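Asker:
Numbering (my numbering), first residue to last: 65 to 139.
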């Protein structure tokens, strides 16, 4: 399964890279490369069963102290 994902990512890179470079879209090329590498790292981490942080956990950690303060003042 991981090989399929890597082949698709490589195919996407080989298809898009020359088009972006010929068009002179270097900012888009850097963004495309960054997002493709980030997606590849996430898919490899998922395959290796590594814990991937969830954005909802970050939101909970941010708002938990605030909710405790509000709830303690209401009691």
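Where a beta carbon is used, it is the ideal one built from N, C-alpha and C, also for glycine.
Quantities reported herein were computed from a predicted structural model and do not represent experimental measurements.
For residue 93, I'd like the list of residues in its chain whose CB is within less than 6 Å of its CB, leaving aside the five on either flank, ordered along the chain.
Answerer: Stepping through the chain shown from its first residue, residue 93 is reached at position 29. For residue 93, where only same-chain residues beyond five positions count, the Cβ hits under 6 Å are 84.
Asker: Between the alpha carbons of residue 89 and residue 82, how many angstroms are there, rounded?
Answerer: Start at 1 with the first residue of the chain shown, and residue 89 comes out as number 25. Start at 1 with the first residue of the chain shown, and residue 82 comes out as number 18. Taking the straight line from one Cα to the other gives about 10 Å.
Asker: If I'm right that residue 96 touches residue 80 with Cβ under 8 Å, what's the distance once you round it to whole angstroms?
Answerer: As a working mapping, residue 96 is identified with position 32 in the chain shown. As a working mapping, residue 80 is identified with position 16 in the chain shown. With a Cβ gap of about 6 Å, residue 96 and residue 80 count as contacting.
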